[in-house]
Structure formats: C-alpha cells, structure tokens
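Protein chains in written order, with this note's numbering: chain A, 88 to 495; chain B, 104 to 421.
Here is the structure we will look at.
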C-alpha cells in the first residue's frame with residue numbers, strides 16, 4: 088500500500104474526472120452484472136429465447152416450403168409462366184425466398200424483443216436505488232454521475248445484447264438459403280443495437296424522472312407504444328388526408344401536402360421494413376411500397392427485378408439475374424450501359440438502398456445520448472441545484488430573522 | 104491545527120419552513136462530536152448538507168478545508184457518510200458490497216481485496232463474508248454500512264443515528280467500534296436523540312432544536328454554563344433507621360437544598376452547588392459514619408441538561 092494510490096483530491100481536474108467516469112462505469116456495471124447473471128435464471132432465459140426463436144424459424148421454413156412446392160406445381164402445370172420465362176426460374180429463387188423470410192421474421196422478432204426487454208431492464212435502474220434508499224450512498228462517493236448512469240445503461244443493455252448476439256448463429260442459417268448477405272445481417276444488427284440503446288435510455292430516463300419503478304416502467308412502455316403504433320397511425324392519418332383540403336375536397340396533385348418522414352424515424356419497425364425491402368430477392372414486396380410511400384421516392388419493383396428507383400423519363404427493365412437496364416420509353420434506343428451508370432451515380436434515383444434505416448439508427452443513437460445526459464442531471468441534485476442557487480444568490484439571513492421564521 | 108469541520112450560518116429552507124436556521128459548528132480533528140436534538144430538530148438535514156447531498160440555502164461549511172458547495176468531489180473523498188435510513192442491494196454478497204464501494208472510490212483491485220478483509224474484521228463481519236447482504240440482521244447491516252463509509256479511509260465520519268434500531272448489545276459494540284475509530288485519528292460527527300449513548304462517547308456535543316444550536320462544546324462546559332444545581336442519588340447501607348439518620352444529616356448540610364427517601368430506599372438530593380460542593384458534601388457525609396455505597400447524578404446528565412436547555416429556549420421563544 089503506497090500513498091500515491093490513495094484517492095486524493097489534489098489530483099488535476101481532467102484526469103480525475105475521466106477516472107471517476109471510468110470508475111463509475113466499471114463499479115456500477117460490475118455490480119449490476121454480478122446481480123443479474125447470478126444463478127441459473129439468466130442462462131435459462133437465453134436458452135428459452137433461442138428455443139422459441141428456432142421454433143419460429145422452423146415454422147417460417149415449413150410454411151414457405153409448402154407454398155413453394157405448390158407454386159412449382161403450378162409452374163409445371165403451366166399456370167404461371169405467362170411471362171415467357173421457364174419454369175426453372177420460378178422454382179429458382181424459392182431458396183432465396185426462404186432465406187429472406189427467415190431473415191425478415193427474425194429481425195422483426197428481435198426488434199420486438201428489444202422493445203419489450205430494454206425498458207424492463209432499465210426502467211428500474213435509478214428508481215430502484217431510490218426505493219431501496221441506496222442512491223444516496225452512491226451520490227456521496229466521488230463517482231461521476233455520468234459514469235454511474237452509463238454503467239447502469241450498459242449493464243442493463245448487456246443482457247439484451249447477449250440475447251441478440253446469441254441469436255447470430257441461428258440467424259446465420261439464412262446464408263444456407265442465400266438471398267441475404269452478411270452485409271444485410273450487419274445492417275440488421277447495427278439497427279438492433281441502436282434501437283436497444285435508444286429504448287434503454289428511454290427506460291433509464293423515466294427511471295430517473297419518476298421515483299417509482301412501476302410508474303417508470305409503465306411510462307416507458309407507453310412511449311414505446313407511441314413510437315411504434317402511434318407514429319404509424321399518425322403518419323397514416325396524415326397521409327390519408329394529405330390530398331384533401333380542409334373542406335374535404337380533393338387537391339390537385341401538385342398541391343398535396345408532403346407528410347414528413349421524420350415522424351417515422353423513431354419507429355424501429357418501419358426501419359425493419361426498410362431492411363426487409365433491401366433484401367427482397369425478387370419481385371414486388373409490400374415493404375418496399377410502404378417505404379416508398381414514406382420517403383416519397385419511387386421504388387420500382389417489377390416482377391423480376393429487385394427494388395429499384397425509376398430514373399425520371401425512363402423505364403427500367405430488369406433481367407432475371409437481377410441486372411437492370413434503363414430503357415427509353417419512346418423506343419428511340421439509348422445506350423443501356425450509360426443509362427445504368429446514371430442510375431448508379433444518382434443515389435436518389437438508383438437502388439434505394441440504405442435510405443431509411445440509417446436515419447432510424449441515427450435518431451435512436453441521438454435520443455439515447457440526449458436522454459442519458461438528461462438522466463445525469465436528474466440524479467445529481469446538489470450539482471443542479473447549486474447552479475440554480477448561485478444564480479439567485481441571496482445575502483445571508485439575519486439569525487434573528489431566521490429564528491423568527493421558525494415560530495408556528 | 105485547523106478545524107476538521109466548520110460551518111458558518113448554515114441554513115436550509117424548504118419553501119417557507121426553515122429546517123436548519125443558521126448552524127455554526129467548529130469541530131477539531133479527532134473529536135467525537137455529538138449532534139443532539141429531538142426529532143425534527145434539523146440534525147439529519149445538517150448532516151445531509153455536510154455530506155453534499157443537499158445544497159445549503161445559505162451559509163457555508165467546509166470539511167478538511169474543502170467547501171461543501173464549491174468542492175463537493177473533494178469533500179466526498181474525505182468524508183464517510185452513514186445515513187439514518189439506508190437500504191441494501193439485493194443479490195449482493197457482503198464482500199461484494201464493500202468491493203463495490205471501494206471501486207466507486209477508484210481503489211485498485213489488490214488494495215480492495217486486502218481492505219475488504221480488514222474492514223470485515225474491524226466490524227466483526229468476517230464470518231458473514233459470503234452471505235447475502237439482505238439476509239443480514241439489522242445490526243449487521245448497520246455495521247456493514249459503517250464499514251462501507253470507511254473503504255476510502257476518510258478523515259471525517261458523518262454518522263446519522265447509527266445506533267437507531269439496535270439492541271443494547273449491538274449498541275455497545277458500535278460504541279466500542281467508534282472509540283476505536285477515534286483512536287485511529289478520525290473525526291466523528293454522530294447524531295442521536297438517544298442521549299446517554301452520546302454522553303459516554305462524545306468529547307463535545309451541540310444541542311440542536313428547531314434548526315438552531317442552543318449550546319455547543321465539551322459536555323462539562325455546557326453543564327457548567329447551563330446547570331443551576333443538579334440532582335444526585337445516594338445509597339446508604341444499613342437498616343431503615345440508618346437511612347433516616349443519613350437523611351437528617353444530609354438535610355442539615357448547607358450544600359443540600361432538600362432530601363427525600365425514594366421507595367427503593369435510596370436518597371434523592373437536590374444540590375444547588377457545583378461538583379466541588381458535591382465532593383465536599385460526600386466526604387463529610389462519609390467521615391460522619393454514614394456508609395454511602397453509591398453517590399451519583401440522577402438519570403442521564405445530558406438528558407436532564409437537554410431538557411433544561413430546550414425548556415429555557417421554549418420560554419424565550421414564547
């Protein structure tokens with residue numbers, strides 16, 4: 088034991104601030120994780136979760152295989168291929184379709200899981216300390232409140248992340264079917280982590296704002312419901328009324344109001360639709376048309392091509408192998424290679440990839456950071472109030488006056 | 104040497120009520136300082152302000168030279184705080200509890216391991232090391248909470264009602280522990296409404312009522328200032344006759360205002376004089392052949408003093 092190890096106030100300001108920030112994260116998250124991972128409970132939950140997810144994936148697989156078998160039957164009967172392509176094509180992308188459906192299903196299920204679990208784990212983070220009267224013991228340590236809050240958030244999210252990460256091997260089954268690449272999985276996990284962070288921060292903030300865990304939990308879920316169902320309902324309503332004026336008369340096309348897509352940025356399920364649309368292997372998909380409605384940018388999906396935007400004044404035709412060409416609608420004939428290059432150049436008109444979900448991820452990250460900082464302010468009473476007090480500094484009361492005030 | 108803790112005109116206002124109405128304290132290093140007062144006197148509020156949990160409405164306080172409002176982080180490193188009511192975390196073992204707080208002070212892993220063992224020995228919880236905190240008895244939790252306040256080897260301990268809810272034995276053990284800490288050079292500020300407990304322990308006290316310090320200083324000094332006489336009880340050996348004889352003798356002495364025989368056979372004397380006069384009286388009584396087995400101030404001195412002082416305060420307030 089040497090004296091230089093002693094926590095001393097004489098240390099310089101910045102490093103000690105950083106150190107207490109780090110001490111906060113490490114102390115609080117170690118403590119929280121010790122409590123959470125103790126015993127069998129945590130591992131039983133992971134097992135049950137993976138079993139359910141596997142069952143779900145298996146169900147999707149069975150369902151799709153059945154419908155695929157039916158369709159290939161139609162193909163043999165000659166009922167479908169009026170488009171001139173061989174039956175080989177129709178049965179070709181079935182495997183990719185199964186991969187896509189599995190991917191879509193697992194992404195949505197995991198998003199829902201995060202929406203349910205993240206607030207549950209964080210909405211007790213601060214209020215439990217208040218209820219159990221342990222918060223004051225923490226505040227009188229030199230821990231930085233930010234470190235403490237971040238430690239709480241990280242440890243609560245660590246378990247959610249564990250569930251999400253544990254599903255990666257299961258998710259990798261989609262590679263066996265094709266149609267979904269590693270970059271698609273990466274996108275999905277980036278979005279899931281951002282959503283978990285943002286939604287976790289909502290629970291944390293509520294926990295710091297209201298004293299009681301139950302109320303904080305309920306409020307967090309109300310907000311989550313608002314973000315998922317509320318925003319879509321509002322958006323749909325605005326969209327439905329965007330082509331009418333106040334008296335209910337139809338407006339000419341150019342006067343129709345644009346519904347702000349920002350309304351849906353914090354809706355993780357809409358971002359899921361975007362992810363799903365990006366990976367659509369073939370043909371039209373409802374997710375693409377919905378994202379197209381939201382962003383106001385045309386997705387062009389014909390029966391064979393992937394989701395595409397249509398270059399202005401041009402038609403696009405896609406080959407079964409996914410290669411697309413711009414075609415002059417008048418038939419004057421333009422250089423297909425040059426037009427394709429144009430499509431690539433103008434991102435807004437080319438493949439409409441990564442159009443929506445990065446905004447959702449960004450919005451949730453920003454929300455998470457903002458709410459974490461706000462929570463810090465809420466649990467540092469002396470720091471917050473001291474500032475207020477300094478701004479309204481009053482002269483010291485006369486002792487006699489103070490004594491007089493005590494009288495009933 | 105400068106004071107370990109000093110407050111000047113410390114005020115805490117909640118809306119229109121004044122919880123602490125200008126407290127001035129000066130506590131020397133190594134003292135065991137008692138804050139005495141009835142419930143709602145402002146003891147807890149004062150300690151919470153000193154512990155940087157509540158910003159004072161006015162006035163200032165410094166601990167080991169650090170201002171509680173301007174340098175709360177420095178203050179937090181030199182104080183160990185034990186609140187009057189506190190909870191414990193679920194799902195935590197005793198050693199983990201101390202380890203957690205040691206981490207909060209950024210203490211290295213090697214030192215933590217050693218220190219947790221030392222502290223558990225100090226508060227006599229070494230056998231409970233692997234137990235869950237919530238399964239400990241109230242007294243053990245209280246000792247553990249005291250140990251938590253010591254992880255960073257603070258110079259000043261702020262203990263708010265540390266003995267409340269403890270049985271007499273646990274209370275005695277706590278007192279021993281605090282004495283031990285005092286010999287280690289720690290300044291201890293302890294609040295209580297149980298006066299006898301502080302009387303034996305404290306080197307100085309402040310009597311607080313309705314947010315103000317009515318008297319402060321070493322117990323004897325306060326007594327000398329406020330006491331106008333005292334009540335003593337004496338036990339005289341012998342049969343009823345001997346007791347009556349002693350009563351007559353005592354009643355005739357100039358130091359004694361009145362003497363009564365209590366139902367249990369003891370004598371209660373009203374003594375208007377100081378301790379010097381009591382000593383003279385006792386030696387004269389003994390030399391006159393009365394077999395005095397005990398001669399002591401009645402009840403708790405401090406308690407009586409406290410009642411006197413708060414009574415004076417109420418008279419002046421009315």
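Quick reminder that beta carbons are idealized off the backbone N, C-alpha and C, glycines included.
Helix, strand or coil: how does DSSP classify residue 208(B) here?
DSSP places residue 208(B) in coil when its eight states are reduced to three.
From what residue to what residue does the alpha helix (DSSP H) around residue 274(B) run?
Looking at the DSSP string, the run of the alpha helix (DSSP H) that includes residue 274(B) is 271 to 286.
Just the Cα atoms here: how many angstroms apart are residue 133(B) and residue 116(A)?
If you take the alpha carbons of residue 133(B) and residue 116(A), they lie about 36 angstroms apart.
Closest by C-alpha distance to residue 285(A), when choosing among 206(A), 301(A) and 326(A)
Taking only the C-alpha atoms, the option nearest residue 285(A) is 206(A).
Closer than 8 angstroms to chain B by CB, residue 122(A):
It does: the Cβ of residue 122(A) has a partner Cβ on chain B nearer than 8 angstroms.
Evaluate residue 365(B) with the Cβ neighbour count: other Cβ atoms within 10 Å of its Cβ, from every protein chain shown; 16 or more gives buried, anything less gives exposed.
Under the 10 Å beta carbon count, residue 365(B) is surrounded by fewer than 16 other beta carbons and is classified as exposed.
I want to see whether chain A comes within less than 8 angstroms of residue 393(B), judged by CB atoms only; does it?
By this cut-off, residue 393(B) is not an interface position.
Span of the alpha helix (DSSP H) holding residue 218(A)?
Unbroken alpha helix (DSSP H) run through residue 218(A): 214 to 218.
Between residue 207(B) and chain A, is any beta-carbon pair separated by less than 8 angstroms?
Judged by the 8 angstroms Cβ criterion, residue 207(B) is in contact with chain A.
For chain A, check one thing: does any of its Cβ atoms lie closer than 8 angstroms to the Cβ of residue 195(B)?
So, interface residue.
Under 8 angstroms Cβ-Cβ, which residues of chain B neighbour residue 466(A)?
Per Cβ cutoff of 8 angstroms: no residues; residue 466(A) is ~12 angstroms from chain B at best.
Per-residue DSSP class, three states only, for residue 293(B):
Residue state, collapsed to three classes: strand.
Residue 144(B) to residue 244(B), Cα distance in whole Å?
One alpha carbon belongs to residue 144(B), the other to residue 244(B), and they sit about 26 angstroms apart.
Ordered along the chain, which non-local residues of its own chain (more than five positions away) have a Cβ less than 6 angstroms from that of residue 447(A)?
Residues of the same chain with a CB within less than 6 angstroms of the CB of residue 447(A), apart from the 5 flanking positions on each side, are 352 and 358 in chain order.
According to DSSP, residue 263(B) sits in a beta bridge with which residue or residues?
As DSSP reads the structure, residue 263(B) sits in a beta bridge with 294(B).
Closest to residue 235(A) by C-alpha separation, out of 260(A), 295(A), 354(A) and 273(A), would be which residue?
That would be 295(A), whose Cα lies nearest to the Cα of residue 235(A).
Just to confirm my understanding: we take residue 140(B), look at its own chain, exclude 5 residues before and 5 after, and list those with CB closer than 6 angstroms. What are they?
Within the same chain, and ignoring the five residues on either side of residue 140(B) in sequence, the residues whose Cβ sits closer than 6 angstroms to its Cβ are 146, 311 and 312.
At a Cβ cut of 7 angstroms, what residues of the stretch 203 to 224 of chain A count as close to chain B, listed as they run along the chain?
Taking 7 angstroms as the Cβ-Cβ cut-off against chain B, the residues of the stretch 203 to 224 of chain A that qualify are 219, 220, 221, 223 and 224.
Strictly by DSSP, which residues pair up with residue 264(A)?
Paired residues: none, contrary to the question.
So residue 135(A) contacts chain B; which residues on that side make the cut at Cβ distance below 9 angstroms?
Those do not exist, as residue 135(A) stays about 21 angstroms from chain B at its closest Cβ, beyond 9 angstroms.
Keeping to the same chain, check which residues put their C-beta closer than 6 angstroms to that of residue 190(B); ignore five residues upstream and five downstream.
Non-local C-beta neighbours of residue 190(B) in its own chain, meaning closer than 6 angstroms and more than five positions away in sequence, are absent.
At 9 angstroms on the CB atoms, spell out the chain A contacts of residue 117(B), in chain order.
Result: empty, since nearest Cβ-Cβ is about 12 angstroms, beyond 9 angstroms.
In its own chain, which residues sit with a C-beta less than 7 angstroms from the C-beta of residue 130(B), not counting the 5 before and 5 after it?
So the list reads 106, 107, 108, 136, 290 and 292, once near-sequence residues are dropped.
With distance defined between alpha-carbon atoms, name the residue in 203(A), 126(A), 338(A) and 334(A) nearest to residue 290(A).
The shortest C-alpha separation from residue 290(A) is found at 203(A).
Bridge partners of residue 120(B), per DSSP?
Residue 120(B) pairs with 117(B).
If we cut at 8 angstroms on Cβ distances, does residue 190(B) have a partner in chain A?
Yes, its Cβ sits closer than 8 angstroms to a Cβ of chain A.
Contact set between residue 251(B) and chain A, taken where Cβ atoms lie within less than 9 angstroms:
Per Cβ cutoff of 9 angstroms: 224.
For residue 264(B), is the classification buried or exposed, using 16 other Cβ atoms within 10 angstroms of its Cβ as the cut-off for buried?
Flag for residue 264(B) reads buried.
Would residue 107(A) count as contacting chain B if we go by Cβ distances under 8 angstroms?
Closer than 8 angstroms to some Cβ of chain B, the Cβ of residue 107(A) qualifies, so yes.
Along the chain, where does the alpha helix (DSSP H) that runs through residue 276(A) open and close?
Judged by DSSP secondary structure, residue 276(A) falls within the alpha helix (DSSP H) whose first and last residues are 269 to 296.
Contact check, residue 147(A) vs residue 188(A) under 8 angstroms by CB: the rounded distance?
Yes, residue 147(A) and residue 188(A) are in contact; Cβ-Cβ is about 5 angstroms, under 8 angstroms.
How big is the Cα-Cα spacing for residue 140(A) and residue 259(A)?
Here the alpha carbons of residue 259(A) and residue 140(A) stand approximately 13 angstroms from one another.
Enclosing beta strand (DSSP E) for residue 182(B) [first to last residue]
Taken as a continuous stretch (DSSP letters only), the beta strand (DSSP E) holding residue 182(B) covers 182 to 185.
I'd like to confirm the pairing. Which residues does DSSP put opposite residue 397(B) in its beta bridges?
Beta-bridge annotation (DSSP): residue 397(B) is paired with 338(B).
Contacts around residue 321(A), its chain only, beta-carbon distance under 8 angstroms, and the 5 residues preceding and following it disregarded:
For residue 321(A), where only same-chain residues beyond five positions count, the Cβ hits under 8 angstroms are 350.
Are the C-beta of residue 186(B) and some C-beta of chain A separated by less than 8 angstroms?
Chain A, which has a Cβ nearer than 8 angstroms to the Cβ of residue 186(B), makes this yes.
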